[in-house]
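Line order of the protein sequences matches chains V and B.
Just so we're aligned, residue 1 is where the first sequence starts under the UniProt record's numbering, counting upward by one.
Just so we're aligned, residue 1 is where the second sequence starts under the UniProt record's numbering, counting upward by one.
Even for Gly, the Cβ is constructed at its ideal location relative to N, Cα and C.
First comes the structure, then the notes that go with it.
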Amino acid sequence: MQRIARLKESPSQTAGPYVHIGMLPNFAGIDGVFDEDLGARMIVGEAKGERITIRGRVFDGVGAALKDVLLEVWQADAQGLFPSQEGADPAFTGWGRQAADMDTGEFAFETVKPGPVPFRDGRLMAPHVSLWIVARGINLGLQTRIYFADEDEANASDPILSRIEHRDRIPTLLAEPKGDGTYRFDIRLQGENETIFFDF
Amino acid sequence: MNAFKQKQAVLQTPGGHDRPGGGLYARDRSWHPAALTPAYKTSVTRSPTRAPISFPTTLGEETGPVFTRDRLGPLDADLVHNFARSPDGAIGPRIVVQGRVLDEDGRGVPHTLVEVWQANAGGRYRHKKEGYLAPLDPDFGGCGRCLTDEAGRYEFRTIQPGPYPWPNGPNDWRPAHIHFSVFGQSWGQRLITQMYFDGDPMIWRCPIVGTIPSPEGIESLVARLDMEATIPMDARVYRFDIVLRGRRQTLFENRMEGL
Ligand SMILES: [Fe+3]
Chain V
1 MQRIARLKES
11 PSQTAGPYVH
21 IGMLPNFAGI
31 DGVFDEDLGA
41 RMIVGEAKGE
51 RITIRGRVFD
61 GVGAALKDVL
71 LEVWQADAQG
81 LFPSQEGADP
91 AFTGWGRQAA
101 DMDTGEFAFE
111 TVKPGPVPFR
121 DGRLMAPHVS
131 LWIVARGINL
141 GLQTRIYFAD
151 EDEANASDPI
161 LSRIEHRDRI
171 PTLLAEPKGD
181 GTYRFDIRLQ
191 GENETIFFDF
Chain B
1 MNAFKQKQAV
11 LQTPGGHDRP
21 GGGLYARDRS
31 WHPAALTPAY
41 KTSVTRSPTR
51 APISFPTTLG
61 EETGPVFTRD
71 RLGPLDADLV
81 HNFARSPDGA
91 IGPRIVVQGR
101 VLDEDGRGVP
111 HTLVEVWQAN
121 AGGRYRHKKE
131 GYLAPLDPDF
141 GGCGRCLTDE
151 AGRYEFRTIQ
161 PGPYPWPNGP
171 NDWRPAHIHF
181 SVFGQSWGQR
191 LITQMYFDGD
201 PMIWRCPIVG
211 TIPSPEGIES
221 LVARLDMEAT
231 IPMDARVYRF
241 DIVLRGRRQT
251 LFENRMEGL
């Protein structure tokens, strides 16, 4: 029989404890190589929409916050447009990269609240931020989404949230408003309230 | 002043989100390390226990950040010199690592950001949390980055990193390796992996390498020495190709791309 010639994806390997050297060298104390760490700022001008800060920590199976974790986000702008789409906000990059604080494990993304983006069939998905998590001990980067707890109506009709069978797990995907435009989004890698991770 | 910040946001739409049949090939998770790999101890408390929930890719997974060449410095891809104060550069066996970023259909992934980090020739990282007794090299930082060209080719100049011991089992050593972070053209292709060196006996003893289920998978992360490409009296060349997820295409798209 003929073979379908297709390559295999390179296997993932953990980012390890020294991921900051390559991905946030200034944060790691390696000054003077790159002028600024990539992804440090998502807002690069008078960005439209609601300014928000998403804060959180990543907890392991024994409840300890990861202090060596690195996170990236990718999202639409306030109008629901990704950066180069016609009319997208030029003052917003859509992409951010942050390390957790090495003492507390706390991370923070200063961004704008995203607008809704269409699902494949044209239905609107609720406002959300895609989140990717890498660290020592994580063999393949974890993909999840940050939805917003104050978007009840949009969340109720979101095509991705709707397909989640275990409804009681959905709150693990909801960032809680804390006032002043701050949202709290903690991630639990294991145990009760284990965060939902995605495969797409 | 910071043109890159504006420009990095230019969107790429590989294949387009709205074409029927678009979207990324499903990831073969059995080819990747499992989340829980007890021989690599840290994975025990950091591995999700529930199966990830699948959904078809949407615009957010089929697009991603784009980085432009104007932001890169001339020494960004030269780890021998990009941190060094001495004109001689970093200490260690000088090597060039070159290869291509491809997708699963073998097509080069153009203009994508590749970031690397590594220990110095003695196996020591320049990092606050690193306590190995091997000395720092004052002329070696350990980070580099570059963009692939239109054919997906990339190249770094560096020194061969040393193996190092790490707290896992009582006597575990990492083989010499370089960490790679690759973006591809969409969020769903995002990948971090490590490159190993042909002939290193430590590869087959390493619990982190051992998280990869198959010998074929492990071999695919081992760079080959390319003596023909080697620069005489300067640096040996190691070749390392990286494969990212491909995407479904329609016949129409194939024609558009001249295949
Ligand atoms: Fe390492």
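Cα-Cα separation between residue 21 of chain B and residue 123 of chain V, rounded to whole angstroms: Position 21 of the second sequence holds residue 21 of chain B. Position 123 of the first sequence holds residue 123 of chain V. Note that residue 21 of chain B has pLDDT 47, beneath the 50 cutoff, so the model's placement of it is unreliable and the number below is only indicative. Computed Cα separation, rounded: 18 Å.
Among V:35, V:38 and V:12, the one whose alpha carbon lies nearest that of residue 28 of chain B: Counting from 1 along the second sequence, the entry for residue 28 of chain B is found at position 28. Residue 28 of chain B has its Cα closest to that of V:12, out of V:35, V:38 and V:12.
Euclidean distance between Cα positions of residue 124 of chain B and residue 156 of chain B: The sequence position of residue 124 of chain B within the second sequence is 124, counting from 1. The sequence position of residue 156 of chain B within the second sequence is 156, counting from 1. If I take the Cα positions, the gap works out to 19 Å.
From V:120, V:153, V:40 and V:3, residue whose alpha carbon lies closest to that of residue 107 of chain V: Mapped onto the first sequence, residue 107 of chain V falls at position 107. Closest in C-alpha terms to residue 107 of chain V, from the list V:120, V:153, V:40 and V:3, comes V:40.
Where the beta strand (DSSP E) containing residue 103 of chain V begins and where it ends: Position 103 of the first sequence, counted from the first residue, corresponds to residue 103 of chain V. Boundaries for residue 103 of chain V: no beta strand (DSSP E) harbours it, and the DSSP string shows neither H nor E there.
Inter-residue spacing [alpha-carbon to alpha-carbon] between residue 139 of chain B and residue 194 of chain V: Taking the first residue of the second sequence as position 1, residue 139 of chain B is located at position 139. Taking the first residue of the first sequence as position 1, residue 194 of chain V is located at position 194. A straight-line Cα-Cα distance of about 44 Å links residue 139 of chain B and residue 194 of chain V.
Top-ranked residue by Cα proximity to residue 66 of chain V, from V:102, V:5, V:20 and V:10: In the first sequence, the residue the question calls residue 66 of chain V occupies position 66. The alpha carbon of residue 66 of chain V has as its nearest neighbour, out of V:102, V:5, V:20 and V:10, the alpha carbon of V:102.
Reference residue 33 of chain B; option with closest CA among B:193, B:180 and B:45: Against the second sequence, residue 33 of chain B aligns to sequence position 33. Of the candidates B:193, B:180 and B:45, B:193 places its Cα closest to the Cα of residue 33 of chain B.
Separation of residue 84 of chain B from residue 159 of chain B, as counted between CA atoms: In the second sequence, the residue the question calls residue 159 of chain B occupies position 159. In the second sequence, the residue the question calls residue 84 of chain B occupies position 84. For residue 159 of chain B and residue 84 of chain B, the distance between alpha carbons rounds to 12 Å.
Proximity to residue 77 of chain B [Cα-Cα], best of B:64, B:180, B:187 and B:46: Here residue 77 of chain B corresponds to residue number 77 of the second sequence, with the count starting at 1. Closest by alpha carbon: B:180.
Residue 22 of chain V vs residue 143 of chain B beta-carbon contact at 7 Å: Position 22 of the first sequence, counting from 1, holds the residue named residue 22 of chain V. Position 143 of the second sequence, counting from 1, holds the residue named residue 143 of chain B. Yes. Within cutoff.
Residue 10 of chain V at chain B interface by Cβ criterion, 7 Å: Here residue 10 of chain V is taken as the residue at index 10 of the first sequence, counted from 1. Chain B, which has a Cβ nearer than 7 Å to the Cβ of residue 10 of chain V, makes this yes.
Proximity test, residue 16 of chain V beta-carbon vs ligand 1 heavy atom, cut-off 6 Å: For this step, residue 16 of chain V is matched to residue 16 along the first sequence. Yes, ligand 1 has a heavy atom inside 6 Å of this Cβ.
Contact with chain D by residue 18 of chain V, beta-carbon distance below 7 Å: Absent from the structure: chain D. Protein chains present are V and B.
Counted within 10 angstroms of its Cβ, other Cβ atoms place residue 51 of chain B as buried (16 or more) or exposed: As a working note, residue 51 of chain B is residue 51 in the second sequence. Exposed.
Proximity test, Cβ basis, 7 Å: residue 109 of chain B and chain V: Here residue 109 of chain B refers to the residue found at position 109 of the second sequence. Judged by the 7 Å Cβ criterion, residue 109 of chain B is not in contact with chain V.
Cut-off 8 Å between Cβ atoms - residues of its own chain near residue 93 of chain B, not counting five sequence neighbours on either side: Residue numbering aside, residue 93 of chain B sits at position 93 when the second sequence is read from its first letter. Exclusion of the five residues before and after residue 93 of chain B leaves 121, 159, 160 and 236 as the residues of its chain whose Cβ lies within less than 8 Å of its Cβ.
Residue interval of the beta strand (DSSP E) (run including residue 192 of chain B): Translated into positions along the second sequence, residue 192 of chain B becomes position 192. 191-197 is the span of the beta strand (DSSP E), which, as asked, contains residue 192 of chain B.
Cα-Cα separation between residue 225 of chain B and residue 240 of chain B, rounded to whole angstroms: As a position in the second sequence, residue 225 of chain B is number 225, starting the count at 1. As a position in the second sequence, residue 240 of chain B is number 240, starting the count at 1. Rounded to the nearest angstrom, the two C-alpha atoms are 9 Å apart.
Spatially closest choice to residue 89 of chain V from V:75, V:151 and V:97, by CA coordinates: Along the first sequence, read from residue 1 onward, the residue named residue 89 of chain V stands at position 89. Residue V:75 is the option with its Cα nearest to residue 89 of chain V.
Minimum Cβ-Cβ distance from residue 70 of chain V to chain B less than 7 Å: Start at 1 with the first residue of the first sequence, and residue 70 of chain V comes out as number 70. Not one beta carbon of chain B lies nearer than 7 Å to the beta carbon of residue 70 of chain V.
Alpha carbon of residue 87 of chain V to alpha carbon of residue 81 of chain V, nearest angstrom: For the purposes of this step, residue 87 of chain V is taken as residue 87 along the first sequence, with counting starting at 1. For the purposes of this step, residue 81 of chain V is taken as residue 81 along the first sequence, with counting starting at 1. Each residue's Cα considered, the two are about 8 Å apart.
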